[in-house]
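Novice: This is the structure I have questions about; it appears just below.
2 protein chains.
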Amino acid sequence: MVAPKVEDYLKSIYRLQDRDTPAMTAEVAAAMGVKPPTVTAMLQRMADDGLVHYQRYQGARLTERGEKGALKVLRNHRLLELFLTEELGYDWAEVHDEADVLEHHLSVTLVERIEVLLGSPAVDPHGEPIPTADLEIRECETQQSLAECQEGTVAVVSEVRESSADVLSYLANSGISLGTELEVVETAPFGMITCEVRTTEKPLSLPTDVAAEIYVSRPAEPAENERRQYNEA
Amino acid sequence: MVAPKVEDYLKSIYRLQDRDTPAMTAEVAAAMGVKPPTVTAMLQRMADDGLVHYQRYQGARLTERGEKGALKVLRNHRLLELFLTEELGYDWAEVHDEADVLEHHLSVTLVERIEVLLGSPAVDPHGEPIPTADLEIRECETQQSLAECQEGTVAVVSEVRESSADVLSYLANSGISLGTELEVVETAPFGMITCEVRTTEKPLSLPTDVAAEIYVSRPAEPAENERRQYNEA
DNA sequence: GCTTTTGTTTAGACGTATCTAAATCATGTT
DNA sequence: AACATGATTTAGATACGTCTAAACAAAAGC
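So this is what it looks like as structure tokens:
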């Protein structure tokens, strides 16, 4: 089995690698909160173990096995997050740190039982998709980042990614949760976007980097033939 | 904070040490499934950290701090066992291994929430007392080991300690659970005790070492002034 | 009381995960 | 094309948790 630390590296690399660009040493080091030499040593061992493709100075890319490992941890993490909110009264700002620790220590049996208890949910409390037991993940294609929306766009929040507890709390206090309807009222030229939150009727201004982590999809109301305007803008 | 491995050593020493006899190196090694030199090294580090009193060749004894550490882990373990049975459908034979891993990775917050959810329970699924949040443990004084009962004793099962999953499953299949009423019908001279299980009306024979882990108390029915006969036999 | 046995400790080693300091590679600039 | 800059890797160290083999202490046996 894969050690807890290795699982953390798998997660980081999974998030950092891109179709064309591998995860670079410095990026992984920053994500993991360690120094670059530590990452180099780790990547070398992980390459020996067949978890990543690694060539020195060229960064790392997950192998098939490495990706499965990453998805297993992601599955545990997201099921835990939902479990903690549903069964133990956590709110979406609190769950992340707890899940980050526990995700490495769940037996297969326990994960299964949690999944059954929750009714095989599709997404976690942040709207992120939960990999299935056979480690398939279905990315939602009908959503876009709030940062990419133009003025006038009306959309509902469908996912809030990788944000700190502070930011998540702030958003919750501002009336933002999954399903909240927003209208983009202004995009300022200095990296700020302002929307109106439908539930509170209040405007909310966010820096682009925060908005970039908020994903939205077109509202449920419009009929099939009206969708296009939000997707192809 | 105390490392997971150290917590496991604390647990072992807690179980092994006695009022007058400290936990000896070989005992700890057997309990932990490691070789004696490993234990020696660990005890030396733990002594440096103020967790045990240790003098070479004389075994180890928990300090105040060490005992608090052990009780914290015990508390986590037992709350988890109960949580897993109550909320996730585990039975008493399955919970131990899962709890043994998770017990080291619960935040204070999570433990509190589990305890609240369970309604501040006094005992775990095996009847073992759960240390309170301020790490006090109240050993039950009104119970005795089944192995020490004489023929004719009628008593109810109040605790089943430190048994393997196999043994626990066997006992459950034999109708033994917390609250089951037993009558000791025979104590054989070769280390075996036979009782009749009241719920199944069937006799059950157990080797003394298994019976020694089953604790019983006098039945609930008798009035206050009749108790004595069971306690002072 | 000496010796054997048993249990314990020391010595030396290895794998994991980390660090700092120094060497090396890759690249963008001039 | 040479150089300077920045990222990456190597080298060497430390802490943890484990091992085997060898030295040593304590208890038991004669």
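Sequence order for the protein chains is A and F. According to full-length UniProt numbering, the first sequence is numbered sequentially starting from 1. According to full-length UniProt numbering, the second sequence is numbered sequentially starting from 1. Every residue gets a Cβ at the ideal spot worked out from N, C-alpha and C, and that includes glycine. Given the structure is predicted, the values throughout are model-derived calculations rather than measurements.
Just how far apart, CA to CA, sit Val34 of chain F and Ile193 of chain A?
Specialist: Here residue 34 of chain F refers to the residue found at position 34 of the second sequence. Here residue 193 of chain A refers to the residue found at position 193 of the first sequence. Looking at the two C-alpha atoms, the distance is approximately 59 Å.
Novice: My parser needs the alpha helix (DSSP H) runs of 4 or more residues fully inside the UniProt domain "HTH dtxR-type" (1-63) of chain F; what are they?
Specialist: Whole alpha helix (DSSP H) segments, 4+ residues: 4-16, 25-32, 36-48.
Novice: Distance, Cα to Cα, Thr36 of chain F vs Ala30 of chain F?
Specialist: For the purposes of this step, residue 36 of chain F is identified with residue 36 of the second sequence, where counting begins at 1. For the purposes of this step, residue 30 of chain F is identified with residue 30 of the second sequence, where counting begins at 1. First, the amino acid is wrong: residue 36 of chain F is Pro here, not Thr. Cα-Cα distance, rounded: 8 Å.
Novice: So for Arg227 of chain A, helix, strand or coil by DSSP?
Specialist: As a first step, residue 227 of chain A is located in the first sequence; it is residue number 227 there, counting from the start. Its pLDDT being 41, under 50, Arg227 of chain A is placed unreliably in this model, and the coordinates cannot settle the point.
Novice: For residue 295 of chain F, count neighbouring Cβ atoms within 10 angstroms of its own Cβ and tell me buried if that reaches 16, exposed if not.
Specialist: Residue numbering for chain F in the displayed model covers 1 to 233; residue 295 of chain F lies beyond these limits and cannot be assessed.
Novice: Between which two residues does the beta strand (DSSP E) containing Thr187 of chain F stretch?
Specialist: Here residue 187 of chain F corresponds to residue number 187 of the second sequence, with the count starting at 1. 181-188 is the extent of the beta strand (DSSP E) around Thr187 of chain F.
Novice: Please list, in chain order, the chain F residues whose beta carbon lies closer than 7 Å to that of Gly89 of chain A.
Specialist: Position 89 of the first sequence holds residue 89 of chain A. Within 7 Å Cβ-Cβ: Arg113.
Novice: Using a Cβ-Cβ distance cut-off of 8 Å, determine whether Ser120 of chain F contacts chain A.
Specialist: Start at 1 with the first residue of the second sequence, and residue 120 of chain F comes out as number 120. By this cut-off, Ser120 of chain F is not an interface position.
Novice: Which value, in whole angstroms, describes the spacing of the CA atoms of Gly66 of chain F and Ala60 of chain F?
Specialist: Translated into the one-based positions of the second sequence, residue 66 of chain F becomes position 66. Translated into the one-based positions of the second sequence, residue 60 of chain F becomes position 60. Each residue's Cα considered, the two are about 11 Å apart.
Novice: Pull up the distance between the alpha-carbon of Ser145 of chain F and that of Glu213 of chain F, whole angstroms please.
Specialist: The count along the second sequence starts at 1 and reaches residue 145 of chain F at position 145. The count along the second sequence starts at 1 and reaches residue 213 of chain F at position 213. Approximately 7 Å, taken between the alpha carbons.
Novice: Taking 8 Å as the cut-off, decide whether the C-beta atoms of Leu16 of chain A and Glu27 of chain A are in contact.
Specialist: Against the first sequence, residue 16 of chain A aligns to sequence position 16. Against the first sequence, residue 27 of chain A aligns to sequence position 27. Yes, the Cβ-Cβ distance between Leu16 of chain A and Glu27 of chain A is below 8 Å.
Novice: Between the segment 92-104 of chain A and chain F, which residues of the former have a C-beta closer than 7 Å to a C-beta of the latter?
Specialist: Listed by position along the chain: Glu98, Val101, Leu102.
Novice: State the Cα-Cα distance for the pair Glu86 of chain F and Thr180 of chain F, rounded to the nearest angstrom.
Specialist: One-based indexing of the second sequence puts residue 86 of chain F at position 86. One-based indexing of the second sequence puts residue 180 of chain F at position 180. Cα-Cα distance, rounded: 19 Å.
Novice: Answer yes or no: do Ser12 of chain F and Ala93 of chain F have a C-beta to C-beta separation smaller than 8 Å?
Specialist: Here residue 12 of chain F is taken as the residue at index 12 of the second sequence, counted from 1. Here residue 93 of chain F is taken as the residue at index 93 of the second sequence, counted from 1. For Ser12 of chain F and Ala93 of chain F, no; Cβs fall outside 8 Å.
Novice: Relative to the C-alpha of residue 241 of chain A, which residue among A:Gly152, A:Glu183, A:Val216, A:Leu135 is closest?
Specialist: With chain A covering 1 to 233 only, the question about residue 241 of chain A has no answer from this structure.
Novice: So, with DSSP's three-state summary, where would you put Ala155 of chain F?
Specialist: By one-based count along the second sequence, residue 155 of chain F stands at place 155. Reduced to three states, the DSSP call for Ala155 of chain F is strand.
Novice: Using a Cβ-Cβ cut-off of 8 Å, state whether Ser163 of chain F counts as contacting chain A.
Specialist: The residue you call residue 163 of chain F lines up with position 163 of the second sequence. Output row for Ser163 of chain F: interface = no.
Novice: Name the one or two DSSP bridge partners that Lys202 of chain A has.
Specialist: Counting from 1 along the first sequence, the entry for residue 202 of chain A is found at position 202. The partner list for Lys202 of chain A (beta bridge, DSSP) reads A:Val197.
Novice: Does Ser145 of chain A come out as helix, strand or coil in the three-state DSSP assignment?
Specialist: By one-based count along the first sequence, residue 145 of chain A stands at place 145. DSSP places Ser145 of chain A in strand when its eight states are reduced to three.
Novice: With distances taken Cα to Cα, identify the nearest neighbour of Arg78 of chain F among F:Tyr54, F:His104, F:Glu64, F:Leu62.
Specialist: Locating residue 78 of chain F in the second sequence gives position 78, where the first residue counts as 1. Comparing Cα positions, the closest option is F:His104.
Novice: Where do the N-terminal and C-terminal ends of the alpha helix (DSSP H) with Val95 of chain F fall, by residue?
Specialist: Here residue 95 of chain F refers to the residue found at position 95 when the second sequence is read from its first residue. First-last of the alpha helix (DSSP H) with Val95 of chain F: 95-102.
Novice: Using the C-alpha atoms, what's the distance from Met24 of chain A back to Asp18 of chain A?
Specialist: Counted from its first residue, the first sequence places residue 18 of chain A at position 18. Counted from its first residue, the first sequence places residue 24 of chain A at position 24. Approximately 11 Å between the Cα atoms of the pair.
Novice: I'd like to know whether the C-beta atoms of Ser217 of chain F and Ala155 of chain F end up nearer to each other than 8 Å.
Specialist: Here the question's residue 217 of chain F lines up with position 217 in the second sequence. Here the question's residue 155 of chain F lines up with position 155 in the second sequence. The answer is yes: Cβ separation under 8 Å.
Novice: DSSP three-state label for Ile214 of chain F, please.
Specialist: As a first step, residue 214 of chain F must be located in the second sequence, where it is residue number 214. Three-state result, Ile214 of chain F: strand.
Novice: Would a check of beta-carbon distances place Ser217 of chain A closer than 8 Å to chain F?
Specialist: Counted from its first residue, the first sequence places residue 217 of chain A at position 217. Output row for Ser217 of chain A: interface = no.
Novice: Within 8 Å (strictly less), CB to CB, does Val2 of chain F reach chain A?
Specialist: In the second sequence, residue 2 of chain F corresponds to position 2, counting from 1. Not one chain A Cβ lies under 8 Å of Val2 of chain F.
Novice: Taking the CB atoms as reference points, tell me whether residue 235 of chain A and Val197 of chain A lie closer together than 8 Å.
Specialist: For residue 235 of chain A there is no data in the structure shown, the boundaries of chain A being 1 and 233.
Novice: From Glu139 of chain A to Pro129 of chain A, what distance separates their C-alpha atoms?
Specialist: Translated into the one-based positions of the first sequence, residue 139 of chain A becomes position 139. Translated into the one-based positions of the first sequence, residue 129 of chain A becomes position 129. Their Cα atoms are separated by approximately 7 Å.
Novice: Checking contacts by CB at 8 Å: is Leu171 of chain A closer than that to chain F?
Specialist: Position 171 of the first sequence, counted from the start, is the residue given in the question as residue 171 of chain A. Chain F contact via Cβ: absent.
Novice: Looking only at its chain, what residues have a beta carbon closer than 7 Å to the beta carbon of residue 239 of chain F, apart from the 5 residues adjacent to it on each side?
Specialist: The structure shown does not extend to residue 239 of chain F, since chain F is modelled only from 1 through 233, so no value can be given for it.
Novice: Are there 16 or more other CB atoms within 10 angstroms of the CB of residue 247 of chain A, so buried, or fewer, so exposed?
Specialist: For chain A, the structure presents residues 1 to 233; residue 247 of chain A sits outside this window and is missing.
Novice: Taking Thr199 of chain F as the reference, give the member of F:Val2, F:Lys5, F:Val157 with the closest Cα.
Specialist: Reading the second sequence from its first residue, position 199 is the one you call residue 199 of chain F. For Thr199 of chain F, the nearest C-alpha among the options comes from F:Val157.
Novice: Tell me the rounded alpha-carbon separation between Arg228 of chain F and Thr38 of chain F.
Specialist: Residue 228 of chain F sits at position 228 when you count from the first residue of the second sequence. Residue 38 of chain F sits at position 38 when you count from the first residue of the second sequence. Since pLDDT at Arg228 of chain F reaches only 41, below the 50 mark, its modelled position is unreliable, and the value read off the structure follows with that caveat. Their backbone Cα atoms lie some 48 Å apart in a straight line.
Novice: For Gly152 of chain A, count neighbouring Cβ atoms within 10 angstroms of its own Cβ and tell me buried if that reaches 16, exposed if not.
Specialist: In the first sequence, the residue the question calls residue 152 of chain A occupies position 152. Answer is exposed; the Cβ neighbour count stays below 16.
Novice: Pro22 of chain F and Gln44 of chain F look like a contact to me (Cβ under 8 Å); what is the Cβ gap, rounded to whole Å?
Specialist: One-based indexing of the second sequence puts residue 22 of chain F at position 22. One-based indexing of the second sequence puts residue 44 of chain F at position 44. The pair is not a contact, with the Cβ atoms about 15 Å apart (cut-off 8 Å).
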